[in-house]
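These notes concern the structure reproduced below.
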Amino acid sequence: MWRASAVTKSAEATTLEDYSKTSVTTQLLLWGSDETLSLPVTVATTVWDVKLMLGQRLAVEPTGTMNFVTKQGCYWREQLDHEEIRRKVWVRGIKTFERERVEHPHPIAVIGAGHIGLRQAMIFLKHRQTNFVVFDRKPKVGGQSWWDQANTTSKLQTELGVYHLNFDETLPPPKSDYPWPSRNELLEHFAACAKEYGLLPYCRLSTNVKHLDSSGFDALSQRMNNKWDTKYELTLERTDAPKGKRQETHFQASAVMLYPGNLSIPRRDTYKGEDIFLEAGGCIAYGMFDELDYSEIRGKNVAIVGHGAFAVENVRSCMEYDAGQLYLVCRRKNLSMPRYVSWLINQSKSPVSAGLTLDAMSPMYDLVGFDQWSYYAVQSNAARTNCSIQQKVRFGIGDVYFLAISWGKLEVIEDPLGVKRVAERTMFCGSGRKLDVDAILKLLGFVGNAENDRLMRIKEMVGFWVNGDPKRYLVAEPISVMATNFGGTSFSPGAIQWSEMGMHF
């Protein structure tokens with residue numbers, strides 16, 4: 102019985118409450134170097150505790166070659182993991198007390214020289230990382246959203262203050278103070294920043310990444326065994342050569358970051374009777390890609406099919422070119438945002454609730470006689486004090502849309518059956534409504550490009566990482582709205598966060 106009692110007393114003596122909490126300082130000295138590190142600890146801190154701390158600080162395994170030695174009389178002695186750390190200890194098995202930069206055997210491949218791709222290059226250079234290459238199919242930087250999809254009449258819908266490459270606490274703001282630059286002005290801004298901040302030497306333009314092969318990656322083994330030796334071989338081709346004469350080259354990469362922009366394939370539809378409409382002198386075009394010369398619609402009645410951000414922009418373009426009566430035909434109405442509300446959200450230090458966002462829209466929606474709380478995208482309580490917004494497209498931002506409705510220049514026609522057919526200078530809606538129009542602009546949205554999935558060999562996305570591979574990173578521009586609070590309506594705040602996160606991992 103006396104032995105059992107002794108064991109019980111011994112166990113009680115080693116509870117956490119009985120450990121000494123007296124604060125002391127341990128001096129760590131790097132073996133073979135003058136580098137030191139003073140570490141505040143308690144008397145009961147063990148060698149293993151300090152190893153764990155150093156391992157976390159330096160991103161190394163504490164069970165590896167790291168060991169602690171101390172002077173004991175005229176001898177050197179290695180301290181064991183369970184022992185209390187001594188006040189002066191030499192550390193062997195590491196090169197420095199600072200986290201060492203990972204040295205990749207091959208460059209990091211960044212695919213896409215649009216907003217995020219250029220931002221990623223700037224983040225790399227900001228942190229003195231120069232082992233990367235940016236690829237893009239275009240001969241100039243800027244990205245396909247502005248080069249291919251936008252019109253020369255397109256303008257930035259959000260404010261320039263939250264959409265520019267200088268969006269960084271260490272950089273000066275843009276020199277231009279006009280809040281809504283045109284497409285060409287934005288492309289000039291991208292080119293100027295790429296030149297000013299030294300990005301162009303790292304860009305390989307007019308180069309298409311045709312294929313990607315990976316070797317050494319297995320998701321389970323990486324998680325279990327911490328293996329990071331994956332390598333990637335990119336098959337490249339020049340886009341400035343004729344298709345039949347494009348020679349393939351190969352490029353070795355240690356990681357791949359893909360920034361494809363938004364969903365990049367336009368949704369297309371052909372209406373019955375389009376040939377009759379065109380033969381009668383009518384105009385049918387997609388309101389993007391610079392497919393339409395807007396001077397041709399001056400004084401003409403125009404039907405805009407769709408109700409996304411591009412459709413709202415085309416209302417402004419048609420008004421600027423003095424079109425006649427405008428009809429916006431859609432299956433269901435999407436929320437559009439007045440410019441003031443966009444500014445309110447972007448300047449706010451804290452996120453703006455969806456309820457406050459809708460309330461701030463009231464002056465414009467009251468002007469046109471619409472109830473924004475009744476839209477399909479809004480889920481709210483009966484008192485309309487709390488809500489969330491889930492909309493399949495982004496907000497079209499602008500005031501001209503609301504003003505055109507209030508002036509009687511624009512009529513929004515919501516028809517779940519859409520467009521049934523067209524005839525000579527006539528459009529027939531599914532519900533039977535007949536519209537006398539001279540031009541039809543299609544703005545039907547975009548669909549995903551499966552080529553991106555094929556290139557990156559996507560089976561699943563784990564966050565932004567392809568198949569759980571920490572060295573295959575993919576961020577596409579969001580195209581929908583799903584929020585209860587709004588921290589912004591523009592792109593640069595997200596772009597810098599995604600770029601820094603991608604570099605970290």
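Each residue of the sequence shown is one higher than the last, beginning at 102 in the numbering used here.
The beta carbon of each residue, even a glycine, is placed where N, CA and C say it ideally should be.
message = Using CA atoms only, rank isn't needed, just tell me which of Leu266, Arg284, Met583 is closest to tryptophan 247.
response = Arg284
request  = For the alpha helix (DSSP H) holding lysine 152, just list the boundary residues, first then last.
outcome  = 148-159
message = Give me the residue from Arg526, Asp135, Val567, Trp281 with the minimum Cα distance to threonine 197.
response = Asp135
task = Please name the residue in Glu185, Ala214, Val234 whose C-alpha comes closest to that of histidine 205.
result = Val234
inquiry  = Measuring only the C-alpha atoms, how far is tyrosine 387 from lysine 241?
reply    = 24 Å
ask   = So, helix, strand or coil for glutamine 230, using DSSP?
value = coil
ask   = Out of curiosity, what's the CA-to-CA distance linking threonine 331 and arginine 485?
value = 52 Å
ask   = In the structure shown, what three-state DSSP assignment does glutamine 598 receive?
value = helix
key: Three-state secondary structure assigned by DSSP to alanine 222   = helix
query = When the Cα atoms are used, what is the spatial distance from isoleucine 377 to proline 361?
reply = 38 Å
ask   = CB phenylalanine 496 to CB methionine 562, shorter than 8 Å?
value = no
query = Below 8 Å between beta carbons: does that hold for valine 161 and isoleucine 186?
reply = no
key: Same chain only: Cβ atoms within 7 Å of arginine 399, ignoring 5 sequence neighbours per side   = Tyr422, Asp423, Ala424
query = Just how far apart, CA to CA, sit alanine 596 and proline 343?
reply = 34 Å
key: Proximity to glutamine 491 [Cα-Cα], best of Trp508, Phe587, Asp314, Asn550   = Phe587
message = Within the continuous alpha helix (DSSP H) that includes methionine 465, where are the two ends?
response = 463-469
task = Could you tell me if glutamate 578 is buried or exposed, where buried requires 16 or more neighbouring beta carbons within 10 angstroms of its beta carbon?
result = buried
message = Below 8 Å on the Cβ atoms is my contact criterion, and I expect cysteine 384 with glutamate 397 to pass it. Report the Cβ-Cβ distance as a whole number of Å.
response = 6 Å
task = Could you work out which residue in Met420, Arg158, Ser124 is closest to threonine 254 when comparing CA atoms only?
result = Met420
key: Rounded straight-line distance, which links the Cα of histidine 265 to that of asparagine 252   = 19 Å
query = Is the segment 544-553 in contact with the segment 450-458, if contact means three or more CB pairs nearer than 8 Å?
reply = no
task = Look up lysine 256 in the DSSP assignment and give the residues it is bridged to.
result = Ser283
Length of the line joining the Cα atoms of threonine 350 and glutamine 448 = 47 Å
task = Kindly give me the distance between the Cβ atoms of leucine 335 and alanine 478, rounded to whole angstroms, as I take these residues to be in contact under 8 Å.
result = Rounded, the Cβ-Cβ distance is 40 Å, inconsistent with contact.
key: Rounded separation between cysteine 488 and glutamine 473 - CA only   = 12 Å
message = Which complete alpha helix (DSSP H) runs does the segment 472-515 hold, if anything under 4 residues is left out?
response = 501-508
key: Own chain partners of proline 517 with C-beta closer than 6 Å, once the 5 adjacent residues on each side are dropped   = Arg432
Rounded C-alpha distance that separates arginine 104 from glycine 569 = Confidence is the limiting factor: at arginine 104 the pLDDT is only 46, short of 50, which leaves the residue's position unreliable and the question unanswerable from this model.
query = With 16 other CB atoms within 10 Å as the buried threshold, where does histidine 408 fall?
reply = buried
message = Among the candidates Arg417, Asp467, Val403, Thr123, whose CA atom is the shortest distance from the CA of alanine 540?
response = Val403
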